[in-house]
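Residue numbers (the numbering used here), protein chains in the order written: chain W, 26 to 231; chain X, 26 to 231.
Beta carbons: idealized from backbone N, C-alpha and C, even for Gly.
Below: the structure, in structure tokens.
Protein chains: 2
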Amino acid sequence: MALAKNPAVSTGEETRQRLIAAALNTLREQGITGASGRCIARRGDVNQALIFYHFGSVDGLLTATARAEGARRAARYATAFEAVRSLPELVSVARRVHEEEQRDGAVTVLAQLIAGSSSSSELQAGVFDAMRPWLALVESAVERVVENSPFKGLVSPADLAFTISSLFIGFEMMTSLDPARERVATLFDALERLAALLGGLIGGAP
Amino acid sequence: MALAKNPAVSTGEETRQRLIAAALNTLREQGITGASGRCIARRGDVNQALIFYHFGSVDGLLTATARAEGARRAARYATAFEAVRSLPELVSVARRVHEEEQRDGAVTVLAQLIAGSSSSSELQAGVFDAMRPWLALVESAVERVVENSPFKGLVSPADLAFTISSLFIGFEMMTSLDPARERVATLFDALERLAALLGGLIGGAP
DNA sequence: GTCTATAGCCGGATAGAC
DNA sequence: GTCTATCCGGCTATAGAC
Numbered sequence: 026m027a028l029a030k031n032p033a034v035s036t037g038e039e040t041r042q043r044l045i046a047a048a049l050n051t052l053r054e055q056g057i058t059g060a061s062g063r064c065i066a067r068r069g070d071v072n073q074a075l076i077f078y079h080f081g082s083v084d085g086l087l088t089a090t091a092r093a094e095g096a097r098r099a100a101r102y103a104t105a106f107e108a109v110r111s112l113p114e115l116v117s118v119a120r121r122v123h124e125e126e127q128r129d130g131a132v133t134v135l136a137q138l139i140a141g142s143s144s145s146s147e148l149q150a151g152v153f154d155a156m157r158p159w160l161a162l163v164e165s166a167v168e169r170v171v172e173n174s175p176f177k178g179l180v181s182p183a184d185l186a187f188t189i190s191s192l193f194i195g196f197e198m199m200t201s202l203d204p205a206r207e208r209v210a211t212l213f214d215a216l217e218r219l220a221a222l223l224g225g226l227i228g229g230a231p
Numbered sequence: 026m027a028l029a030k031n032p033a034v035s036t037g038e039e040t041r042q043r044l045i046a047a048a049l050n051t052l053r054e055q056g057i058t059g060a061s062g063r064c065i066a067r068r069g070d071v072n073q074a075l076i077f078y079h080f081g082s083v084d085g086l087l088t089a090t091a092r093a094e095g096a097r098r099a100a101r102y103a104t105a106f107e108a109v110r111s112l113p114e115l116v117s118v119a120r121r122v123h124e125e126e127q128r129d130g131a132v133t134v135l136a137q138l139i140a141g142s143s144s145s146s147e148l149q150a151g152v153f154d155a156m157r158p159w160l161a162l163v164e165s166a167v168e169r170v171v172e173n174s175p176f177k178g179l180v181s182p183a184d185l186a187f188t189i190s191s192l193f194i195g196f197e198m199m200t201s202l203d204p205a206r207e208r209v210a211t212l213f214d215a216l217e218r219l220a221a222l223l224g225g226l227i228g229g230a231p
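Shown next as structure tokens:
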């Protein structure tokens, strides 16, 4: 909407981005209980009052953060999911997504936002919205995988997409508890073996 | 450890229980961000200072709450899980557990405690501890199901138990987001069909 | 064990100068 | 758009009377 400005002078856009980045870092490292306006502003080297100028409230900032993350996730993985046509491909993309998002702490952030959304309907709506493109992406990939397989009609793609997303978040929560990490890697190994095995069967009849 | 007291006079035990119950209600209805000592005390009609007398800190109370919940869960479902010997039985028990715990808000509470544990190592240890008996229960049920099935050796029971637990929590998180609930019911329907189908195959050879 | 009172800090949010 | 200063309420935690 904004007209082009020749140099990148002081529109507030950079400040908005700094605040969102700082909110992400704070959520990742101190969780939702540590994500106060003062903490976030300190971390981003931004004046605390600017949160309220740009986002209206701390909840507003967190909501904007959720939406930004949703957009990033959808953009980053859109082409990968759209290329999925078989179960092994789906598992492989899921593994890559899990590893990347886990490494960046993006799932931690998402989990903390969801937890926080239980006490803020604004945040809840924001996080829900932000999840929708992602869910659509996963669902359509699942649809293509299931379409010409013996599993067609056994489960709805929407349900499966919901389950896959739940697993991403559930793994994050469980993993964050256990000091002795990375049980999930061996799980993906098993899933890959299983997918390869089923891939053989899928050529056959329903 | 305490010697028997004839009437139920004022040992602090009732207060401790009231506080734990109030913490549960607060976590369920206001989430971890709303679970302040003052809120909890108000809800339990208990003097706020007693939190510190009995539990040392608010974190201490939340940790005790996590442990109490873990004990309750394990006790409540021990016999059901121990009776599991087949996949359909496992699915059926899982469904019952999910429905009961979901209805009581117990999974909400667990999810909020896990989210909060990212900023308190005391709480993290408590929640982790509290999960262990539960995980053991699920794992041994899975072991018995897998033992004489074609899936033996394909996945480790520990990994599967971890996955099942992650799903419980992940479903809760995803469900809490979506105003249009209960996708999970149709999922269990599908799982039951799938389990019945596989149950037929299991009689066959590996 | 329970209560009142209070210290002392940190939080969200706003007013108003620049 | 940004900054300083500030109001005010809620928070954890403790002291001390009962």
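{"Check": "Three-way DSSP call (helix, strand, coil) for residue 49 of chain W in this model", "Outcome": "helix"}
{"Check": "Below-8 angstroms beta-carbon distance, residue 45 of chain W vs any chain X residue", "Outcome": "no"}
{"Check": "Contact set between residue 152 of chain W and chain X, taken where Cβ atoms lie within less than 7 angstroms", "Outcome": "202"}
{"Check": "Buried/exposed call for residue 155 of chain X, threshold 16 Cβ in 10 Å", "Outcome": "buried"}
{"Check": "Contact set between the region 180-199 of chain W and chain X, restricted to residues whose Cβ is under 9 angstroms from the partner", "Outcome": "180, 181, 183, 184, 185, 187, 188, 190, 191, 192, 193, 194, 195, 196, 197, 198 and 199"}
{"Check": "Residue 232 of chain X, buried or exposed, once every other Cβ within 10 Å from all chains shown has been counted against 16", "Outcome": "Here chain X has residues from 26 to 231 only, and residue 232 of chain X is not among them."}
{"Check": "Collapsed DSSP secondary structure at residue 70 of chain W in the structure displayed", "Outcome": "coil"}
{"Check": "Straight-line gap, residue 17 of chain W to residue 36 of chain X (C-alpha atoms, nearest Å)", "Outcome": "There is simply no residue 17 of chain W to check, as chain W begins at 26 and stops at 231 in what is shown."}
{"Check": "Under 9 angstroms from the C-beta of residue 149 of chain W: neighbouring residues of chain X", "Outcome": "201, 202 and 204"}
{"Check": "Whole-Å CB distance - residue 198 of chain W paired with residue 136 of chain W, under 8 angstroms assumed", "Outcome": "6 angstroms"}
{"Check": "Neighbour-count burial assignment, residue 42 of chain X, 16 or more Cβ in a 10 Å radius", "Outcome": "exposed"}
{"Check": "Distance, residue 224 of chain W Cα to residue 174 of chain W Cα", "Outcome": "9 angstroms"}
{"Check": "Three-state secondary structure assigned by DSSP to residue 6 of chain W", "Outcome": "Outside the shown range of chain W (26 to 231) lies residue 6 of chain W, about which nothing can therefore be said."}
{"Check": "Length of the line joining the Cα atoms of residue 117 of chain W and residue 176 of chain X", "Outcome": "21 angstroms"}
{"Check": "Member of W:115, W:71 and W:196 whose CA lies at the smallest distance from the CA of residue 162 of chain W", "Outcome": "W:115"}
{"Check": "Cross-chain neighbours of residue 58 of chain W in chain X, by beta carbon under 7 angstroms", "Outcome": "57, 58, 141 and 144"}
{"Check": "Below-8 angstroms beta-carbon distance, residue 218 of chain W vs any chain X residue", "Outcome": "yes"}
{"Check": "Bounding residues of the alpha helix (DSSP H) (the contiguous stretch that carries residue 57 of chain X)", "Outcome": "Unbroken run through residue 57 of chain X: none, as it is neither H nor E."}
{"Check": "Exposure label - residue 179 of chain X; buried when at least 16 CB within 10 Å", "Outcome": "exposed"}
{"Check": "CA nearest to the CA of residue 234 of chain W, picked from W:83, W:98 and W:112", "Outcome": "Within the shown structure, residues of chain W are numbered from 26 to 231, placing residue 234 of chain W beyond reach of any answer."}
{"Check": "Bounding residues of the alpha helix (DSSP H) (the contiguous stretch that carries residue 136 of chain W)", "Outcome": "131-141"}
{"Check": "7 angstroms Cβ cut-off: residues of chain W touching residue 212 of chain X", "Outcome": "184 and 188"}
{"Check": "Beta carbon of residue 91 of chain X nearer than 8 angstroms to that of residue 71 of chain X", "Outcome": "no"}
{"Check": "Interface residues of chain X facing residue 208 of chain W [CB-CB closer than 8 angstroms]", "Outcome": "183, 184 and 187"}
{"Check": "Cβ neighbour criterion (16 or more within 10 Å) applied to residue 222 of chain W", "Outcome": "exposed"}
{"Check": "Whole-Å CB distance - residue 170 of chain W paired with residue 109 of chain W, under 8 angstroms assumed", "Outcome": "7 angstroms"}
{"Check": "Where residue 122 of chain X falls: helix, strand or coil (DSSP)", "Outcome": "helix"}
{"Check": "Short CB-CB distance (under 8 angstroms) between residue 229 of chain X and chain W", "Outcome": "Because residue 229 of chain X carries a pLDDT of 41, less than 50, the predicted location of this residue cannot be relied on, and the following value inherits that uncertainty. No, no contact with chain W."}
{"Check": "Of the residues X:83, X:218 and X:77, the one placed nearest residue 51 of chain X, counting alpha carbons only", "Outcome": "X:83"}
{"Check": "Per-residue DSSP class, three states only, for residue 41 of chain W", "Outcome": "helix"}
{"Check": "Closer than 8 angstroms to chain W by CB, residue 33 of chain X", "Outcome": "With a pLDDT of 48 at residue 33 of chain X, under the threshold of 50, the predicted position of this residue should be treated as unreliable, though the coordinate-derived value follows. It does not: the Cβ of residue 33 of chain X has no partner Cβ on chain W nearer than 8 angstroms."}
{"Check": "Chain-ordered chain X contacts of residue 166 of chain W [CB-CB under 7 angstroms]", "Outcome": "Going along chain X, no residue has its Cβ under 7 angstroms from residue 166 of chain W, so there is no contact; the nearest lies around 18 angstroms."}
{"Check": "Whole-angstrom distance between residue 81 of chain W and residue 38 of chain W, CA atom to CA atom", "Outcome": "15 angstroms"}
{"Check": "C-beta neighbour in chain X for residue 127 of chain W, strict 8 angstroms", "Outcome": "no"}
{"Check": "Neighbour list for residue 136 of chain W in chain X, Cβ cutoff strictly below 9 angstroms", "Outcome": "136, 139, 140, 143 and 198"}
{"Check": "Contacts that residue 48 of chain X makes with chain W (C-beta to C-beta distance below 9 angstroms)", "Outcome": "Result: empty, since nearest Cβ-Cβ is about 15 angstroms, beyond 9 angstroms."}
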